[in-house]
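Reading through the structure tokens given below for one structure.
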Amino acid sequence: MASWMYGAIIAASGAAYVLASAVTGHDAGTGMGMIVFGAAMAAVGWLASAPKRFTRKIPKPAMDVPRAEQAIRINKGVVVASNIVMAAIILAAAVFAPRGTAPDVVPILAALSVWAPLLGFLILRTTRFLSERGPRYDLWLHDRKPGSR
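Numbering of the sequence shown is given in my numbering, commencing with residue -15 and proceeding in unit increments.
Have a look at this one:
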């Protein structure tokens, strides 16, 4: 996954915390801190990867094709399973923990509930890029030929 995505997940988790805090009347300071920290991490990650993103150098050939093929094959199941497990954990924490639905606990559960779906979405996005890597590389080479634009 791209280096900026993890920061974006933290920021989105912070946004869920802030929204849940607003609904429950709890202090949203932690969520605001998560948004700022996540946005800063995403910006640094994006800037760190910008030179590779905008280079005109021909990329190195893939050295780990079997691993990419394995990821294409198993990632969808991993995403589904991890979302089910995370939902079960959050539901169990809300139902069985002594203070599971307390106003100061609900924002934490809301922040945690954002992680698995967003991470799953980004894993599936990466999987799509892996499965389309041949045509994407051909298009990239075509766009870099002199006179192709």
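C-beta: ideal position from N, C-alpha, C; glycine also.
Report the three-state DSSP secondary structure of residue i (helix, strand or coil).
| i | result |
| --- | --- |
| Phe113 | helix |
| Ala(-14) | coil |
| Gly84 | coil |
| Lys129 | coil |
| Gly9 | coil |
| Met47 | coil |
| Ile42 | coil |
| Val89 | coil |
Verify whether the separation of the beta carbon atoms of residue i and residue j is less than 7 Å.
| i | j | result |
| --- | --- | --- |
| Pro91 | Tyr(-10) | no |
| Leu93 | Ile74 | yes |
| Ser5 | Gly15 | yes |
Could you round the C-beta distance between residue i and residue j to whole angstroms and report it? I think they count as a contact, below 8 Å.
| i | j | result |
| --- | --- | --- |
| Trp(-12) | Ser33 | 7 Å |
| Thr8 | Ala55 | Not a contact, Cβ separation roughly 39 Å. |
| Met18 | Ile(-6) | 6 Å |
| Ala52 | Leu114 | 5 Å |
Counting contacts by CB-CB distance shorter than 7 Å, is residue i in contact with chain D?
| i | result |
| --- | --- |
| Ser5 | Of the chains in the structure shown, none is chain D; there is only one protein chain. |
Query raised in the report: Along the chain, which unbroken stretches of the alpha helix (DSSP H) at least 4 residues long are found entirely within the region 54 to 84?
Result: none
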